[in-house]
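As structure tokens, the structure follows; a few thoughts come after it.
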Amino acid sequence: MSLCIKGGEGLVEKIRTFPPSPVNEKLKTYRKGELAGIVRVSDRCVGCDTCRTQCPTGAMMGEIGTRHKIDYDRCINCGQCLINCPFGAIEQMSFLDEVMKKLEDKNSFVVAIVAPAVRVALAEEFGKPPGTLTVSRLHLALKKAGFHIFENNFAADQTIMEEGTELIGRIAYWELGLKEIEFEIKDIRPISWVKKVKLDLKEFENKPLPQFTSCCPAWVRYAEVYYPEILPHLSSCKSPQQMAGPTAKTYGALKVWKVNPERIYTVGIMPCTAKIYEASRPEFDSAWRWLKEKGLVTTKFKDVDAVLTTRDLAELFRRKGINPIEFSENEKPENFEWYSGGGTIFGTSGGVMEAALRFAWSVLSGQEPPALSEKWNFVKVRGYTHPRVEAKITIPLKSELKKEIGLDEVTLNVCVVNGIGYRGLHIKDVLEEVLAGTSKYHFIEVMTCPGGCLNGGGQPVEPMGTSWIDPVLPLPL
Amino acid sequence: MKEVVLRHPLSSRIVHFVNMICWYGLFLSGILVYFKMVDNYERAFLMKLHILFAAILTLVIVSYIVVTPDRVFLFMQEVLNWDKDTIAWWKNFGGYPYKFLGKTKIYKYIEKFWFAKPGCPPQTKYNAGQKLLGLTVIFSLAILGFTGWFLYFFREALGKNGVLLFFNLHVWIAIIVTLFVTFVHIPLVLVNWPDFVSMFRLGSGTVPVEWAKEHNPKWFEREVAELKED
Amino acid sequence: MKWFVEKPASVRLSRRALLKIFGISIAAIAVGAYKITDLFAHRNKYIKMRQKGQYKDDERVRKVYKLAASHQNPMIKRFYDEFAIQPFGEVSEELLHTTYFKRTGGF
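Chains as they are written, first to last, in the numbering used here: chain A, 42 to 518; chain B, -11 to 218; chain C, 4 to 110.
Okay, structure coming up:
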């Protein structure tokens, strides 16, 4: 038996999947149309109780020796139980068959929304060590399988534009007491590009500080179920996947690919099981509503039609006889394949924070150092495998803003919650502080999975490892 | 006059007894849970029982080591002491095949084989077979205790392969050793009735001197002294 | 009745046997402890390796395409120039922003 790191080797069984099906239980925390029971425990459970120690909410019910059961009302679909089950006894809902059918259908324009964390783990399913990068070879393999590419990293960049602007707005309203703010987003390379942003800060009245990220669907559901009072603090931005869906179906369909939006079938390829649930949320049909207003479409469709996990994608490649490792890694990106460094680090804990800081720092200080400059690195906020990271970031203001605001610099207190932890171990006191009004933070990033999306519930199961990033002692029995 | 020699002091007999009870309690509860022979609720109860037995056994063995380290060392010295007579014992299994089969018809077919020869080389306190059992029990107790408590306290930090390795070691070592004890140790010790009596009767753990001289001559000659006469 | 007992341990325990027992026990404990600490120490290794890969991709994009921050992405520029006009603009509010729902499960 090998205890060393080697992709896909070990005694852990392959994760089994089941087609989307409703749960035969009365559920209180789901709205109509939302998928419940994304992960379920099969009867191959031996009751080793490892999953319960990884569950952030206490939804995993059972004692040592008994078959465990998930309380779907409490479950936030993060899938940590699944990837930490030594016996491969937890199963995942999969849209693979539906997507395979759509790929055969010539009338469908299938768009793959590829998440950042997929590219560092997919290779594990094809015998490479964890962390092997597959970017353009992944794109080429997807194209060969019949997909069109929409980088979720591009949507992550969109998220940063919106979320970063929102952060500036919240700070301007609550910390600086401004009624409106005007600033420029600009880039000097390759040619000068300036975007003037004017924010009426009245709408930020209901958006208090600190601001929480909203990229993690499991964290959003955690807040909705367990801390509903915290919801105004959540960034109103959708997660990258849900930005990608409507962007592909509106802007992508009308201006880039020039196809009928009704033909577009968006497939999120995510390292995450909670994204399957997120895509099913009823409010996420904004592209349809927007297009209907313009009279462009009639039949209703969702922003993201199906979600595959990284494991599902590997299975799709295997079924189609495609090995993504064999393709070239040096293709130049086009259209929605473009992404920035800030977009790609979304997959790791502290990445959203760092990307937002890169944006806010550049916008507020007016500086545009070369891309490889150390100034873009905010190493202090990287989560790595620390349960929680906090940092103080001082941003000098550019001269126009100095005049407008009357300050030389602003200091941001930021916090990165790296995994919600066993029963909210890492996050509880942060949330209690915010609810008590004593929180010193401006911006708090929350990832449900320890280490970030790259350790998400949809990732290949690494037999040797575990998601436990806390000290081995003390014991949460 | 009757002559007796003390073979099993009280401390060893208590530990042996607790070990026996807990071992079979642990084995039965473990087997019922592992092979899912009972319902979920009973499994939860049985696992609690399993952990209770494990705690008692661990406590007793640790206190045995702490309170009477001399006995532990003597036991380990004894089971680790493999000399040429020990090896010679293994050549014909101490004459046991001859003892059991020597008067039957089968014997004429197997008498040419090495394992069917009569005779027993002189043994120390434990014969070679008992030494193997002693080693097996020490190692299996160590491994089962170690893997069991790690699975209980550190399962979240062991990693998937770690949990699998520990889990399978725990289950299969327990099953194999229990089969060995049940079908080899117990029948053989019932054949050697005085030894069995000395271990389990309520009085002192003595065996008759003639029995000791026959079975464990080296022990009786070298390690035993006369205490008193009454 | 004539009683016999074992001689005291001090007479019967040999120095060699004692060393052997200590040696074997210490070796077993050391190997076990080493394996266990190894298992514990490397339990998050795969997370670290994937994170390294993610930062490697960051470096790659910055080196090859000179894109460090989100607003430098040429497609983002195109998106806001051609379509969304500005962050928190009308299109953004409709397509890129959302609201949340209180869910009470009675916990």
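Note that CB positions come from ideal geometry on N, CA and C, so glycine has one too.
As a quick exercise: from F484/A, K343/A, L68/A and T489/A, pick the residue whose alpha carbon is nearest that of P312/A. Distances from the alpha-carbon of P312/A to those of F484/A, K343/A, L68/A and T489/A put T489/A closest.
Which of helix, strand or coil does DSSP assign to K184/A? helix
Using a threshold of 8 Å, state whether the C-beta atoms of K79/B and N204/B are closer than that. no
Closest by C-alpha distance to I305/A, when choosing among P97/A, S381/A, D511/A and V140/A: For the set P97/A, S381/A, D511/A and V140/A, the Cα lying nearest the Cα of I305/A is the one of V140/A.
Starting from V151/A, trace the beta strand (DSSP E) both ways and give me its first and last residue. F150 to V155
CA-to-CA distance, C256/A to F138/B, given in whole angstroms: 36 Å
Can you check whether the CB of R93/A is closer than 8 Å to the CB of G106/A? No; because the gap between Cβ atoms is not below 8 Å, this pair is not in contact.
Completely contained alpha helix (DSSP H) runs for the segment 380 to 419 of chain A, where each covers 4 or more residues: 382 to 385 and 392 to 406
Taking all protein chains shown into account, do 16 or more other C-beta atoms lie within 10 angstroms of the C-beta of R19/C, making it buried, or fewer, making it exposed? Exposed.
Backbone secondary structure at I462/A - three-state DSSP: Correcting the residue identity first, residue 462/A is Gly in this sequence and not Ile. Three-state DSSP puts G462/A in coil, outside helix and strand.
Please decide whether I79/C counts as near chain A, where near means a Cβ-Cβ distance under 8 Å. yes
On the three-state DSSP scale, how would you describe P11/C? coil
Determine, for D183/B, whether the minimum Cβ-Cβ distance to residues of chain C falls below 8 Å. no
Unbroken alpha helix (DSSP H) runs of length 4 or more, entirely within the segment 138 to 197 of chain B: which are they? The qualifying runs are 143 to 146, 148 to 168, 174 to 179 and 181 to 188.
To the nearest angstrom, report how far apart K5/C and S192/B are at their CA atoms. 14 Å
Mind checking the segment 82 to 102 of chain A against chain B and listing, in chain order, the residues whose C-beta falls within less than 8 Å of any C-beta there? The residues in question are V87, G88, C89, D90, T91, T94 and Q95.
Sorted by chain position, which residues of the same chain lie with C-beta nearer than 8 Å to Y463/A's C-beta, five sequence neighbours on each side aside? Cβ contact annotation for Y463/A (same chain, cutoff 8 Å, sequence separation greater than five): T94, Q95, C96, P97, D511 and P517, in chain order.
Chain B partners of V53/A, CB-CB under 8 Å? K148, N149 and L152
Please tell me whether K65/B has its Cβ less than 8 Å away from any Cβ of chain C. Correcting the residue type first, residue 65/B is Gln in the shown sequence and not Lys. Yes, because at least one Cβ of chain C sits closer than 8 Å to the Cβ of Q65/B.
So within the segment 45 to 124 of chain A, which uninterrupted alpha helix (DSSP H) runs reach at least 4 residues, ignoring any that extend past its ends? 91 to 95 and 121 to 124
List, in order along the chain, the chain C residues whose C-beta lies closer than 7 Å to that of Y318/A? Those do not exist, as Y318/A stays about 12 Å from chain C at its closest Cβ, beyond 7 Å.
Are any of the Cβ atoms in chain B nearer than 8 Å to that of R106/C? no
Could you name the residues of the same chain whose beta carbon sits closer than 6 Å to that of G286/A, not counting the 5 residues immediately before and after it, in chain order? T307, D344 and V345
How close, in whole Å, do the beta carbons of Q89/C and K236/A come, if the pair is a contact with beta carbons under 8 Å? 6 Å
Between K444/A, G383/A and M394/A, which has its C-alpha nearest L70/C's C-alpha? G383/A
Consider the C-beta atom of A259/A and the heavy atoms of the ligand ATP; say whether any pair is separated by less than 7 Å. The model depicted lacks the ligand ATP and carries no ligand whatsoever.
Within 8 Å, strictly: CB atoms of H158/B and L132/B: yes
Separation of T91/A from F167/A, as counted between CA atoms: 27 Å
Compare the C-beta of V34/C against all C-beta atoms of chain A and say whether one is closer than 8 Å. no
Test: F134/B CB closer than 8 Å to a CB of chain A: no
Does the Cβ of C45/A have 16 or more other Cβ atoms within 10 Å, making it buried, or fewer, making it exposed? Its pLDDT being 37, under 50, C45/A is placed unreliably in this model, and the value from its coordinates should be taken loosely. With fewer than 16 Cβ atoms within 10 Å of its Cβ, C45/A is classed as exposed.
Could you have a look at W77/B and say whether DSSP puts it in helix, strand or coil? helix
Can you give the Cα-Cα distance for D218/B and T166/B, rounded to whole angstroms? 42 Å
How long is the line joining the alpha carbons of I101/C and G388/A, rounded to whole angstroms? Rather than Ile, the amino acid found at residue 101/C in this sequence is Thr. Answer to the nearest angstrom: the Cα atoms are 22 Å apart.
Buried or exposed for D198/A, please, with buried defined as at least 16 other CB atoms from any protein chain shown within 10 angstroms of its CB. buried
Skipping 5 residues on each side, what residues in its chain have a beta carbon closer than 7 Å to that of E319/A? P258, S280, Q282 and Q283
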